[in-house]
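Take the sequence shown: its letter number 129 is residue 129 in full-length UniProt numbering, and every next letter is one higher.
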Amino acid sequence: MLFGQELFHLPQQTESGGTHLEYAEDYMTTKDRLNGKALSALTRHGGPWIGLAIAAPLVAGALLVWQTWLLADILGQTIQQGQPLAAVTPAIGLVLALLIARAILGALGERAGVSAAEAIKLQLRQALFAQLLARPPRAPDQPASGAAASAIIDQTEALDGYFARYIPAMIQATLLPLAFGAIILPLDWLAGLLFLVTAPLIPLFMALVGWGAQVATTRQARALSQLNGRFADRLRGLLTLKLFGRAEAETSGIVAASDELRRRTLRVLRIAFLSSAVLEFFAALGVAGIALYVGLTYIGYLQLRLEPLSLQLGLFLLLMAPEVYNPLRLLAAHYHDRASAKAAIGEIEAQLGALPAAIAPLSDAPPMPGVAAIAVALTDFTIRTPDRSRAILANTALHVAPGEHVAILGPSGIGKSTLIEAMARLRPHEGSASLDHIELADWAEGDLRGRVTLLGQKPRIIHASMAENIALARPGATPAEITRAAELAHVLPFADALPDGLDTLLGEDGVGLSGGQAQRVALARIFLRDAGLILLDEPTAHLDGELEQAVLDNLLRYAEGRTLIVATHSLDVAARMGKAYRIAGGALLATPLPAAGKRSVA
1 MLFGQELFHL
11 PQQTESGGTH
21 LEYAEDYMTT
31 KDRLNGKALS
41 ALTRHGGPWI
51 GLAIAAPLVA
61 GALLVWQTWL
71 LADILGQTIQ
81 QGQPLAAVTP
91 AIGLVLALLI
101 ARAILGALGE
111 RAGVSAAEAI
121 KLQLRQALFA
131 QLLARPPRAP
141 DQPASGAAAS
151 AIIDQTEALD
161 GYFARYIPAM
171 IQATLLPLAF
181 GAIILPLDWL
191 AGLLFLVTAP
201 LIPLFMALVG
211 WGAQVATTRQ
221 ARALSQLNGR
231 FADRLRGLLT
241 LKLFGRAEAE
251 TSGIVAASDE
261 LRRRTLRVLR
271 IAFLSSAVLE
281 FFAALGVAGI
291 ALYVGLTYIG
301 YLQLRLEPLS
311 LQLGLFLLLM
321 APEVYNPLRL
331 LAAHYHDRAS
341 AKAAIGEIEA
351 QLGALPAAIA
361 PLSDAPPMPG
371 VAAIAVALTD
381 FTIRTPDRSR
391 AILANTALHV
401 APGEHVAILG
411 PSGIGKSTLI
421 EAMARLRPHE
431 GSASLDHIEL
441 ADWAEGDLRG
451 RVTLLGQKPR
461 IIHASMAENI
471 ALARPGATPA
481 EITRAAELAH
491 VLPFADALPD
501 GLDTLLGEDG
511 VGLSGGQAQR
521 VALARIFLRD
531 AGLILLDEPT
541 AHLDGELEQA
551 VLDNLLRYAE
561 GRTLIVATHS
571 LDVAARMGKA
581 YRIAGGALLA
591 TPLPAAGKRS
601 VA
């Protein structure tokens, strides 16, 4: 569905005799059922909080019946039987105690619902983020960053009302009206029958309204994801849009999309208010029916009882009448949370794929595999440009034994970075590529990222402290380990000169650092990893000769027992490796190790 357009326009006939509209409705029904099952599966991650959120209102409902009966009995004794106030004082105290207990249970149930929703959202976000990271970074089905962020943040947040409020309200609306009706039926068969007949009509009409709410909410969720994705993409390409004079046109498009989202949101609210109005109407009819029955019985117009209607029983029926419909009224108030949650689950699956089979919290420090150098073997290896018009490397071969240190030489633009990225499965290739005698395509994403680490030419520095940027390599690293990694990468000399040291806040993309400083912050991440294959692309760029050699000293000591492949145009760096290869004519050629002192390849 696009902004302002419907997915299906005409009920055209298909070859099998049905219409596209019928198939669309069948699809939407099936999808709605699957989304409901997905929500039910998530409920178990609410822990004991979800059980408490459901049980507390039910216990409060049982106390309500007791409280109402006591209150009606007090009024009956004082008004009809003329009992003095002192005689009913203990009963009044008990009513007040029950009222306080119900208030406590209500607050406890609400707090438990919020805690359950937060626990479920946290685990779902962690699982979705882990699933997103487990995909190959250049996978063809990788969602746009804006749409993925919207799914993980906004759409997951839309589940809050479902778990915190709707599920407890649904259980109450299912059990309490029937329980109240069953209690009232032996006391007065007509009132009990009226409750048992009218109460189910309200959910029926709510469901009819809810079908429209589900469609409108699904469209609103899709519009929100599209707007987020569109805005993120345009923000990323803002410079290009300005250069081509398209900034105003794109601004107008985003304004139009925002206005369409506003209209869709108002449609959802309109339907939500309509469902509440429907419930209030039928609830008012039910309460009015009980009041009319009690009043006509007292004045003698109705004689449907074998025994006279006592004041106590009449007051009990009048006091219970609103309470019978109150759980249904509460359900109507939160019914749109269900539609929002189903639409959110559908949008999450549309953007990120099926929900993880087992949603469990991520540990802060995932276990790292032991150090084991990885052998690299490329056979008949070919890499092409993205448009596949030209081969960067054609039918080449490379064999690196475990623990070897290899330099890949060549001038800028020859394909060194592309080769390094292909070894990390970040670029498509043809031919055979294996790590540890396992085809690169057969490696599980988690295992590959755990045992292979890559430092590119333009490392990503995020808006966070220097220590937090280094700890991205291993979130569970201790401060001492982060400091040690910073020391090995020669980050401490310039970090210690700052007032906050490693806690100094950095801007997005390394604002506040020079190119060499940003490179060293990123290089420090390597020392936190325990990878068996280290792939580096110009690791000493922007460094002077003396600092370059000092960084290389630490890097080579760390890389002992690990396989190290460095793409560089610096002959000084290549001279420190055990082997060197040069890219020339679309092939990898073994080359003698250069003598130290020559700075770079021409």
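We put the beta carbon where it would ideally sit given N, CA and C, even for glycine.
- First and last residue of the alpha helix (DSSP H) that includes A164? Here the question's residue 164 lines up with position 164 in the sequence shown. Segment: none, A164 is in no alpha helix (DSSP H) and carries neither H nor E.
- With a Cβ-Cβ cutoff of 8 Å, do A232 and G146 count as a contact? Start at 1 with the first residue of the sequence shown, and residue 232 comes out as number 232. Start at 1 with the first residue of the sequence shown, and residue 146 comes out as number 146. For A232 and G146, yes; Cβs fall inside 8 Å.
- Task: Please list, in chain order, all residues of the same chain as L70 whose beta carbon is under 8 Å from its beta carbon, the five residues on each side excluded.
- Result: As a position in the sequence shown, residue 70 is number 70, starting the count at 1. Closer than 8 Å at Cβ, skipping near neighbours: A91, L94, V95, L98.
- Message: For H405, list the residues DSSP reports as bridge partners.
- Response: Reading the sequence shown from its first residue, position 405 is the one you call residue 405. Answer is L564, bridged to H405.
- Of the residues A391, V268, G456, which one's Cα is nearest the Cα of A339? Stepping through the sequence shown from its first residue, residue 339 is reached at position 339. Checked all of A391, V268, G456; the closest Cα to A339 is V268.
- Message: Given a cut-off of 8 Å on the beta-carbon distance, is the pair residue 605 and L39 in contact?
- Response: This structure leaves residue 605 out entirely; the chain is present only between 1 and 602.
- Given Y27, which residues of its chain have a CB within under 7 Å of its CB, disregarding the five upstream and five downstream residues? Residue numbering aside, residue 27 sits at position 27 when the sequence shown is read from its first letter. Confidence is the limiting factor: at Y27 the pLDDT is only 42, short of 50, which leaves the residue's position unreliable, though a coordinate-based value still follows. Excluding sequence neighbours, Y27 sits near nothing in its chain.
- Thinking just about the alpha-carbon of each residue, which of L128, L63, Q155, Q131 is nearest to the one in I100? As a first step, residue 100 must be located in the sequence shown, where it is residue number 100. Answer by Cα proximity: L63.
- For F281, is the classification buried or exposed, using 16 other Cβ atoms within 10 angstroms of its Cβ as the cut-off for buried? Residue numbering aside, residue 281 sits at position 281 when the sequence shown is read from its first letter. So F281 ends up on the exposed side.
- Task: Could you name the residues that DSSP lists as bridge partners for D553?
- Result: Taking the first residue of the sequence shown as position 1, residue 553 is located at position 553. Beta-bridge pairing links D553 to no other residue.
- Measure the alpha-carbon distance for A422 versus G161 and round it to whole angstroms. In the sequence shown, residue 422 corresponds to position 422, counting from 1. In the sequence shown, residue 161 corresponds to position 161, counting from 1. Those two C-alpha atoms are separated by around 45 Å.
- Whole alpha helix (DSSP H) runs in the stretch 70–151 with 4 or more residues, listed along the chain? 85–134, 145–149
- Message: Taking 8 Å as the threshold (C-beta atoms), are G410 and I392 in contact?
- Response: Position 392 of the sequence shown, counted from the first residue, corresponds to residue 392. Position 410 of the sequence shown, counted from the first residue, corresponds to residue 410. Cβ atoms of I392 and G410: not closer than 8 Å.
- Pick helix, strand or coil for I183, following the three-state DSSP scheme. Here residue 183 corresponds to residue number 183 of the sequence shown, with the count starting at 1. Residue state, collapsed to three classes: helix.
- Local conformation of L455 per DSSP, three classes: If you number the sequence shown from 1, residue 455 lands on position 455. Strand at L455.
- Would you kindly work out how many angstroms separate the C-alpha atoms of L185 and L194, rounded to a whole number? The residue given as residue 185 occupies position 185 in the sequence shown. The residue given as residue 194 occupies position 194 in the sequence shown. L185 and L194: Cα-Cα distance of roughly 9 Å.
- Query: Buried or exposed: Y293, going by 16 or more other Cβ atoms within 10 Å of its Cβ?
  - Reply: As a position in the sequence shown, residue 293 is number 293, starting the count at 1. Looking at its Cβ environment, which holds 16 or more other Cβ atoms inside 10 Å, Y293 is buried.
- Message: DSSP has V511 in a bridge; who is on the other side?
- Response: The residue labelled residue 511 in the question sits at position 511 within the sequence shown. Answer is none; V511 lacks a bridge partner.
- Query: Whose C-alpha, out of H45, R263, E430, is nearest the C-alpha of T385?
  - Reply: For the purposes of this step, residue 385 is identified with residue 385 of the sequence shown, where counting begins at 1. Here the closest residue by C-alpha is E430.
- Query: When DSSP builds the beta bridges, which residues end up paired with T379?
  - Reply: Taking the first residue of the sequence shown as position 1, residue 379 is located at position 379. T379 pairs with S432.
- Task: Out of G545, A377, A148, H490, point me to the one whose CA is closest to N395's CA.
- Result: Mapped onto the sequence shown, residue 395 falls at position 395. The option with the nearest alpha carbon to N395 is A377.
- Might you give, ordered along the chain, the residues of its own chain that have their beta carbon closer than 7 Å to the beta carbon of P168, omitting 5 neighbours on each side? Your numbering for residue 168 matches position 168 in the sequence shown. Leaving aside the five residues that flank P168 on each side, the residues in its chain whose CB is nearer than 7 Å to its CB run, in chain order, A53, I54, P57, G109, G113.
- Let me know if H9 comes out buried or exposed under the rule of 16 or more other beta-carbons within 10 Å of its beta-carbon. As a first step, residue 9 is located in the sequence shown; it is residue number 9 there, counting from the start. Residue confidence for H9 is low, a pLDDT of 33 falling below 50, so the modelled location carries little weight; the figure read from the coordinates is stated next. Counting other Cβ atoms within 10 Å of its Cβ, H9 stays below 16 and is therefore classed as exposed.
- Task: May I ask you to report which of helix, strand or coil DSSP gives A559?
- Result: Along the sequence shown, one-based indexing puts residue 559 at 559. In this structure, A559 counts as coil in the three-state DSSP scheme.
- Task: Within 10 angstroms of the Cβ of D364, are there 16 or more other Cβ atoms? Answer buried if so, exposed if not.
- Result: Residue mapping note: residue 364 aligns to position 364 of the sequence shown, counting from 1. Below a pLDDT of 50, predicted positions are generally treated as unreliable, and D364, at 41, falls in that range; no measurement from the model is reported.
- Nearest to R460 by alpha carbon, out of L398, T483, L132, A524? If you number the sequence shown from 1, residue 460 lands on position 460. Closest option to R460, Cα to Cα, is A524.
- Cut-off 7 Å between Cβ atoms - residues of its own chain near G46, not counting five sequence neighbours on either side: Counting from one through the sequence shown, the residue named residue 46 turns up at place 46. The answer, listed in chain order, is A116, A119, I120, F163.
- Message: If you follow the beta strand (DSSP E) that L588 is in, where does it begin and where does it stop?
- Response: Against the sequence shown, residue 588 aligns to sequence position 588. 587–591 is the extent of the beta strand (DSSP E) around L588.
- Item | C-alpha distance - V287 paired with V59, whole-angstrom precision | Translated into positions along the sequence shown, residue 287 becomes position 287. Translated into positions along the sequence shown, residue 59 becomes position 59. Looking at the two C-alpha atoms, the distance is approximately 24 Å.
- Tell me, which residues are paired with K579 by DSSP? If you number the sequence shown from 1, residue 579 lands on position 579. DSSP lists V406 as partners of K579.
- Note down the Cα distance separating A489 from L133, rounded to an integer number of angstroms. Start at 1 with the first residue of the sequence shown, and residue 489 comes out as number 489. Start at 1 with the first residue of the sequence shown, and residue 133 comes out as number 133. Each residue's alpha carbon lies about 26 Å from the other.
- Message: Whole angstroms are fine: how far does the CA of A283 sit from the CA of K37?
- Response: For this step, residue 37 is matched to residue 37 along the sequence shown. For this step, residue 283 is matched to residue 283 along the sequence shown. Rounded to the nearest angstrom, the two C-alpha atoms are 30 Å apart.
- Message: Give me the DSSP bridge partner(s) of D537.
- Response: As a position in the sequence shown, residue 537 is number 537, starting the count at 1. The partner list for D537 (beta bridge, DSSP) reads A567.
- Message: Could you pull the DSSP bridge partners for R384 from this structure?
- Response: Sequence index remark: in the sequence shown, residue 384 carries index 384 (1-based). A391.
- Message: So if DSSP puts I438 in a beta bridge, which residue, or which two residues, is it bridged to?
- Response: Position 438 of the sequence shown holds residue 438. In the DSSP output, where bridge partners are listed per residue, I438 has L435.
- Please classify T418: does DSSP put it in a helix, a strand, or coil? The residue you call residue 418 lines up with position 418 of the sequence shown. Three-state result, T418: helix.
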